[in-house]
Amino acid sequence: NAGVTQTPKFQVLKTGQSMTLQCAQDMNHEYMSWYRQDPGMGLRLIHYSVGAGITDQGEVPNGYNVSRSTTEDFPLRLLSAAPSQTSVYFCASSYSMAASGYGYTFGSGTRLTVV
Amino acid sequence: AQSVTQLGSHVSVSEGALVLLRCNYSSSVPPYLFWYVQYPNQGLQLLLKYTTGATLVKGINGFEAEFKKSETSFHLTKPSAHMSDAAEYFCAVSDGFQKLVFGTGTRLLVSP
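Read top to bottom, the protein sequences are chains A and B. Each residue of the first sequence is one higher than the one before, counting from 12 in the working numbering. Each residue of the second sequence is one higher than the one before, counting from 239 in the working numbering.
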């Protein structure tokens with residue numbers, strides 16, 4: 012059981028480039044989400060999905076796109092990278108959005124630097 | 239709306255000393271409460287959780303937390319710190335209906 016798998020682990024982009032951060036889970040979780048983690052700011056929710064075909068914005072969605080065509084995958088797209096998007100990105104999943112007694116399962120993260 | 243407050247962005251202890259990381263929550267219904275740990279350059283992993291029943295919850299690596307409804311608290315403790323406990327710790331709350339809400343984290347520093 013691999014859990015939540017994120018690729019790549021590290022990435023350097025030039026300003027204006029685009030890229031996709033991959034997230035896959037094999038636990039049949041309906042809920043998936045993306046966070047960014049910056050020093051002193053904790054975890055901030057970017058986008059989330061409560062099932063295939065359903066996505067919604069979190070608190071910091073600007074500059075990011077998502078789609079959910081399958082239960083397993085939830086890619087995060089940066090359309091035109093900016094230095095402000097330099098951060099560590101985490102994907103998390105759960106049986107449901109509210110997590111209830113399960114909590115969220117996190118991937119190991121993608122460290123992105125935009126120069 | 240639910241919320242979480244973690245007092246102290248950094249906590250420093252000596253090896254062998256008591257670890258106490260504070261978490262207070264706000265929730266309009268009985269909450270589900272979680273502590274996560276993040277070791278350097280890794281993702282968050284579940285340390286322990288409170289759902290229902292016994293208010294003293296034991297987790298991995300000797301950590302435990304007590305749910306105190308009257309104080310709206312869920313503080314994390316460990317009797318004797320180890321160097322390997324140095325990490326960032328996040329408290330989180332769920333009301334069973336909305337997304338999990340995370341605190342801003344507390345970095346635990348352990349000195350020899």
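Where is the CB? At the ideal position from N, CA and C, for every residue including glycine. Since the model is a prediction, treat every value here as computed from it, not as a measurement.
Cβ of residue i within 7 Å of any chain B Cβ
i: F85(A); result: no
i: M38(A); result: no
i: M108(A); result: yes
i: G120(A); result: yes
i: S104(A); result: no
i: G64(A); result: no
i: Y115(A); result: yes
Beta-carbon spacing of residue i, residue j below 7 Å
i: S119(A); j: Y42(A); result: no
i: L54(A); j: F272(B); result: no
i: Q28(A); j: T18(A); result: no
i: V126(A); j: K25(A); result: yes
i: T315(B); j: E326(B); result: no
i: S349(B); j: S252(B); result: yes
i: G69(A); j: H58(A); result: yes
i: R79(A); j: S60(A); result: yes
Exposed unless 16 or more other CB atoms sit within 10 angstroms - verdict on residue i
i: L256(B); result: exposed
i: V242(B); result: buried
i: A110(A); result: buried
i: P269(B); result: buried
i: Q96(A); result: buried
i: K296(B); result: exposed
i: K307(B); result: exposed
i: T81(A); result: exposed
i: H313(B); result: buried
i: T116(A); result: buried
i: L438(B); result: Since the displayed chain B opens at 239 and closes at 350, residue 438(B) lies outside it and no answer follows.
i: H320(B); result: exposed
i: L265(B); result: Correcting the residue identity first, residue 265(B) is Ser in this sequence and not Leu. So S265(B) counts as buried.
Chain A contact for residue i (CB, 7 Å cutoff)
i: K296(B); result: no
i: S241(B); result: no
i: G300(B); result: no
i: K316(B); result: no
i: K287(B); result: yes
Interface partners of residue i on chain D, CB under 8 Å
i: L89(A); result: Chain labels in this structure do not include chain D; the protein chains are A and B.
### Query
In chain order, which continuous runs of the beta strand (DSSP E) of length 3 or greater are located wholly inside the segment 59–119 of chain A?
65–68, 75–77, 87–89 and 98–105
#### Entry: Every unbroken beta strand (DSSP E) inside the segment 18–53 of chain A [3 residues or more]
21–24, 30–36 and 42–48
### Message
Which runs of the beta strand (DSSP E) at least 3 residues long sit entirely within the segment 249–298 of chain B? Give them in chain order.
### Response
257–264, 270–276, 282–288 and 294–296
### Task
Taking a Cβ distance cut-off of 9 Å, strictly less, list which residues of the segment 255–284 of chain B are near chain A, in chain order.
Result list: Y270, F272, Y274, Q276, N279, Q280, G281, L282, Q283 and L284.
#### Entry: Whole runs of the beta strand (DSSP E) within the segment 318–349 of chain B, excluding any shorter than 3 residues
325–332 and 344–349
#### Entry: Members of the segment 324–343 of chain B near chain A, C-beta cut-off 8 Å
F328, A330, S332, D333, G334, F335, Q336, K337, L338, F340, G341, T342 and G343
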